[in-house]
Amino acid sequence: MLAKIHITLKKDVLDPQGSVIANSLKSLGFDNVNDVRQGKFIELEINSNNKEEAEKQCNDMCEKLLANLVIEDYSVEIEN
Amino acid sequence: MKTHVIVFPGSNCDRDVAVAIQNIIGSSPEMVWHKDSTINQSDLIVVPGGFSYGDYLRCGAMASTSPIMKSVIENANKGVPVMGICNGFQILIESGLLQGALMRNSSLSFICRDIIIKPTNTKTIFTNKSTISKMPIAHNEGNYFANSNQIKEIEDNDQIAFQYCDENGDINAHSNPNGSINNIAGVFNKSKNVLGMMPHPERAAESIHGCDDGRNIFESLLS
Numbered sequence: 001m002l003a004k005i006h007i008t009l010k011k012d013v014l015d016p017q018g019s020v021i022a023n024s025l026k027s028l029g030f031d032n033v034n035d036v037r038q039g040k041f042i043e044l045e046i047n048s049n050n051k052e053e054a055e056k057q058c059n060d061m062c063e064k065l066l067a068n069l070v071i072e073d074y075s076v077e078i079e080n
Numbered sequence: 001m002k003t004h005v006i007v008f009p010g011s012n013c014d015r016d017v018a019v020a021i022q023n024i025i026g027s028s029p030e031m032v033w034h035k036d037s038t039i040n041q042s043d044l045i046v047v048p049g050g051f052s053y054g055d056y057l058r059c060g061a062m063a064s065t066s067p068i069m070k071s072v073i074e075n076a077n078k079g080v081p082v083m084g085i086c087n088g089f090q091i092l093i094e095s096g097l098l099q100g101a102l103m104r105n106s107s108l109s110f111i112c113r114d115i116i117i118k119p120t121n122t123k124t125i126f127t128n129k130s131t132i133s134k135m136p137i138a139h140n141e142g143n144y145f146a147n148s149n150q151i152k153e154i155e156d157n158d159q160i161a162f163q164y165c166d167e168n169g170d171i172n173a174h175s176n177p178n179g180s181i182n183n184i185a186g187v188f189n190k191s192k193n194v195l196g197m198m199p200h201p202e203r204a205a206e207s208i209h210g211c212d213d214g215r216n217i218f219e220s221l222l223s
């Protein structure tokens, strides 16, 4: 199965990189961009026949290593 | 005193800190490779600065899963003094020994220059000889963050070790190099036997460095 994991900064955490990206987009003429939040995308292949089990495992991976829960949120999507 | 310095692939301040320990504490530290699994008996474990595992994923995240870290955590929980400097601070945070997070500097630039810090709690094994001190920082991710509840807890337990300040000891936005919340440059664990700090005392430890203010942290450990 293929797991797609998004890791983003929590809403109350400042994202200076996001602000700089937003400014650059504006300078390119994308005036309607209000806010940019950047993050990480991790794709992993996992040997499992059980979607729920795979999701549980990925949540565990995020909590133990992939995300820093003090500053980051994560979401997991499993594809067959 | 029996001392240990942990060496990860990418550590680059391990030798500097070993020299400081040798010169100031008078103990020849055992250099412990990250793949070793035990430190039997120690009076001080230092997790040095550098770029362990190339800062992959998050600074310190990979190193925190190294075999030796289990033993570092066990020793810390037994009360052995553990000190993490720069990347070592990031590793101690990632391993859960210290609270909070170290994010990218607010300027988005790597900062390498002298700063001034003030000890916030001088009643600990690491800071009992500490005064306002000048020493270098050299990092890209030293912007300390914790949410308001965690900050309150850290403050209430006197866990702030050092804060960035100006030459007069005033803690203000101007003296904050990296955007750290409340100018925090270093924190302790609850029992104050684990210290993490971004500035490098080992790089300001003898007159040839141009400044030896960093000595007071190692001298504190002697008393």
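Chains W and X are the protein sequences, given in the same order. In this text, residue positions in the first sequence follow the numbering used here: the first is 1, and each later residue adds one. In this text, residue positions in the second sequence follow the numbering used here: the first is 1, and each later residue adds one. Backbone N, C-alpha and C fix where the C-beta goes; we use that ideal spot for every residue, glycine too.
Residue-level contact to chain X via CB, Ile21(W), 7 Å cutoff: Taking the first residue of the first sequence as 1, we reach residue 21(W) at position 21. For Ile21(W), the answer is no, since every Cβ of chain X falls outside 7 Å of its Cβ.
Exposure of Tyr144(X), with buried meaning 16 or more beta-carbon neighbours within 10 Å: Here residue 144(X) refers to the residue found at position 144 when the second sequence is read from its first residue. With 16 or more neighbouring CB atoms inside 10 Å of its own CB, Tyr144(X) falls in the buried class.
Residue from Asn23(X), Val47(X), Asn168(X) whose Cα sits closest to the Cα of Val5(X): Position 5 of the second sequence, counting from 1, holds the residue named residue 5(X). Distance check between Val5(X) and each of Asn23(X), Val47(X), Asn168(X) places Val47(X) closest, using alpha-carbon atoms only.
CB contact below 7 Å: Ala101(X) versus chain W: Working through the second sequence from its first residue, we reach residue 101(X) at position 101. Judged by the 7 Å Cβ criterion, Ala101(X) is in contact with chain W.
Where Leu25(W) meets chain X, residues with beta-carbon distance less than 8 Å: Counted from its first residue, the first sequence places residue 25(W) at position 25. Simply none; closest approach about 16 Å.
C-beta neighbour in chain W for Leu108(X), strict 7 Å: Within the second sequence, numbered from 1, the residue matching residue 108(X) stands at position 108. Closer than 7 Å: yes.
Exposure label - Ala173(X); buried when at least 16 CB within 10 Å: As a position in the second sequence, residue 173(X) is number 173, starting the count at 1. Taking a 10 Å sphere around the C-beta of Ala173(X), we find fewer than 16 other C-beta atoms and assign the residue as exposed.
Lys118(X) classed as buried or exposed, judged by whether at least 16 other C-beta atoms fall within 10 angstroms: Taking the first residue of the second sequence as position 1, residue 118(X) is located at position 118. With a threshold of 16 other beta carbon atoms within 10 Å, Lys118(X) meets it and is buried.
Boundaries (first-last residue) of the alpha helix (DSSP H) holding Asp73(W): The count along the first sequence starts at 1 and reaches residue 73(W) at position 73. For Asp73(W), there is no enclosing alpha helix (DSSP H); the enclosing beta strand (DSSP E) has its first and last residue at 72 to 79.
C-beta contact flag for Ile5(W) and Val76(W) at 7 Å: On the first sequence, residue 5(W) is found 5 positions in, with the first residue counted as 1. On the first sequence, residue 76(W) is found 76 positions in, with the first residue counted as 1. Result yes, Cβ atoms of Ile5(W) and Val76(W) sit closer than 7 Å.
Enclosing alpha helix (DSSP H) for Gly88(X) [first to last residue]: The residue you call residue 88(X) lines up with position 88 of the second sequence. Element bounds for Gly88(X): 87 to 94.
Within chain W, the residues that Ala146(X) reaches when beta carbons sit closer than 8 Å: On the second sequence, residue 146(X) is found 146 positions in, with the first residue counted as 1. Chain W residues near Ala146(X): Val70.
Contact between the stretch 200 to 208 of chain X and the stretch 16 to 35 of chain X (3+ Cβ pairs under 8 Å): Yes, since at least three Cβ pairs between the stretch 200 to 208 of chain X and the stretch 16 to 35 of chain X fall closer than 8 Å, the two stretches touch.
Stretch-stretch touch, CB-based, cutoff 8 Å, three pairs: the stretch 40 to 48 of chain W with the stretch 26 to 34 of chain X: As far as the Cβ criterion goes, the stretch 40 to 48 of chain W does not touch the stretch 26 to 34 of chain X, which means the pair count is below three.
Amino acids of chain X, ordered along the chain, whose beta-carbon sits closer than 9 Å to that of Asp12(W): Residue numbering aside, residue 12(W) sits at position 12 when the first sequence is read from its first letter. In chain order: Asn147, Ser148.
Chain-ordered chain W contacts of Ala173(X) [CB-CB under 7 Å]: Position 173 of the second sequence, counted from the start, is the residue given in the question as residue 173(X). In chain order: nothing, as chain W lies at least about 14 Å away.
Residue of Asn47(W), Gly29(W), Asn23(W) minimising C-alpha distance to Val36(W): For this step, residue 36(W) is matched to residue 36 along the first sequence. Comparing Cα-Cα distances from Val36(W) to each of Asn47(W), Gly29(W), Asn23(W), the minimum goes to Asn23(W).
Contacting positions in the stretch 55 to 66 of chain X - beta carbon closer than 8 Å to chain W: Against chain W - using a Cβ distance shorter than 8 Å - the residues of the stretch 55 to 66 of chain X are Leu57, Arg58, Ala61, Thr65.
Contact belief for Pro9(X) with Tyr53(X) at Cβ below 8 Å, rounded distance in angstroms: Working through the second sequence from its first residue, we reach residue 9(X) at position 9. Working through the second sequence from its first residue, we reach residue 53(X) at position 53. Right, the Cβ-Cβ distance comes to about 6 Å (below 8 Å), so this counts as a contact.
Ranges of the beta strand (DSSP E) found wholly within the stretch 70 to 129 of chain X, counting only runs of at least 3: Here the runs fully enclosed are 82 to 85, 101 to 103, 111 to 119.
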